[in-house]
Amino acid sequence: MSNLVRFGVSIEKNLLDQFDRFIEKHGFFNRSEAIRDLIREKLSLEKGYKSESVLGTITLIYNHHVRNLSENLTDIQHGYQEYILFSNHVHISHEYCLEVIVVKGKEKELRELAVKMGGNKGVLMCLPSFLSIDIG
């Protein structure tokens with residue numbers, strides 16, 4: 152027996168047309184699948200903002216030619232090593248690097264880490280993205 156529940160939704164035609172294009176673009180099987188996915192995403196974000204423990208990434212793009220920047224970023228990460236699960240560094244051009252850091256821990260500390268890293272001269276972008284997920 153399924154736990155699925157059917158319900159009706161009233162929506163403007165223009166918004167539904169946009170949603171159908173979104174569904175096609177992202178390869179959802181049907182509207183129900185897309186709605187479930189979007190609801191899960193929103194609930195996870197909401198929970199993440201209120202939760203202490205989160206999982207996510209901190210993505211950086213920076214100019215590695217800026218004096219001592221790479222060393223500074225590494226030193227900052229070492230101060231938060233208990234939260235860092237994995238880090239991947241990619242050279243995207245002669246000057247710029249992309250670094251993706253997978254993190255898990257208290258949201259407050261992870262946001263602090265992102266602010267410290269993003270505040271360095273030469274960091275073009277620092278994008279933290281955290282989700283609270285019940286993994287069991």
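Read left to right, the sequence shown gives residues 152 to 287 (the numbering used here). Quick reminder that beta carbons are idealized off the backbone N, C-alpha and C, glycines included.
- Taking the C-beta atoms as reference points, Leu206 is found no nearer than 7 Å to Leu155.
- DSSP places Phe180 outside any alpha helix (DSSP H), giving it a letter other than H or E.
- Shortest Cα-Cα distance from Gly270 to any of Lys193, Asn223, Asn165 involves Asn223.
- Taking a contact as a CB-CB distance under 8 Å, the pair Tyr231 and Leu264 counts as one, their CB atoms being some 5 Å apart.
- Residue state for Gly207 is assigned as strand, using DSSP reduced to three classes.
- The stretch 206-221 makes contact with the stretch 250-259: 3 or more CB pairs, one atom from each, lie closer than 8 Å.
- At the C-beta level, Gly273 and Leu220 come within 7 Å of one another.
- Spatial neighbours of Glu246 in its own chain (CB-CB distance under 6 Å, excluding positions within 5 residues in sequence) are listed in chain order as Asn214, His216.
- It is roughly 14 Å from the alpha-carbon of Leu236 to the alpha-carbon of Ser204.
- In the three-state reduction of the DSSP assignment, His216 falls in the coil class, being assigned neither a helical nor a strand state.
- In the DSSP assignment, Leu264 falls within the alpha helix (DSSP H) that extends over 258-269.
- If you compare the alpha carbons of Arg191, Ile212, His177, Ser153 with that of Ile243, the shortest gap goes to Ile212.
- The C-alpha of Leu167 lies about 27 Å from the C-alpha of Ser153.
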